[in-house]
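Undergrad: In mature numbering (1 follows the signal peptide of the UniProt record, and there is no 0), the protein residues as written are -19 to -1, 1 to 73. By construction, the Cβ of each residue, glycine as well, lies at the ideal position given by its N, Cα and C atoms. Got a structure here, written out as structure tokens. Questions coming.
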């Protein structure tokens, strides 16, 4: 489940090849950081889910049901690295 949520998040953020076609490249702006705790990440993910039209409800349900309080701190440094690399590659 944890791996699935991480892959879902990354796929949603970087599913297109250019910043012009990917409004989610907003996360690459210097003022927007990956939340350091799961509550903050859940809030951000729920906001993203709300923009997904017909799948927004199941997306929010998935994020709400996930409990990553214990593992999120260990995932955080990897998320930061993936964000940096993906932003450099897809949102230049």
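Going by DSSP in three states, residue 121 sits in which element: helix, strand or coil?
TA: What is shown of the chain runs -19 to 73, which leaves residue 121 out entirely.
Undergrad: Could you pull out every residue in the same chain whose Cβ sits closer than 7 angstroms to the Cβ of residue 54, ignoring the five residues on either side in sequence?
TA: Nothing meets the Cβ criterion.
Undergrad: Exposed or buried, residue 42, counting other C-beta atoms within 10 Å across all chains shown (16 or more means buried)?
TA: Under this definition residue 42 is an exposed residue.
Undergrad: Give, in chain order, every unbroken run of the beta strand (DSSP E) that is at least 3 residues long and sits entirely within the stretch 8 to 38.
TA: Runs found: none.
Undergrad: Going by other Cβ atoms of all chains shown within 10 Å of its Cβ, with 16 needed for buried, is residue 20 buried or exposed?
TA: Looking at its Cβ environment, which holds fewer than 16 other Cβ atoms inside 10 Å, residue 20 is exposed.
Undergrad: Could you have a look at residue 49 and say whether DSSP puts it in helix, strand or coil?
TA: Reduced to three states, the DSSP call for residue 49 is coil.
Undergrad: If you count every other CB in all the chains shown that lies within 10 Å of the CB of residue 44, and 16 or more means buried, which is it?
TA: Residue 44 comes out buried.
Undergrad: Kindly give me the distance between the Cβ atoms of residue 30 and residue 68, rounded to whole angstroms, as I take these residues to be in contact under 8 angstroms.
TA: That pair is no contact at about 21 angstroms.
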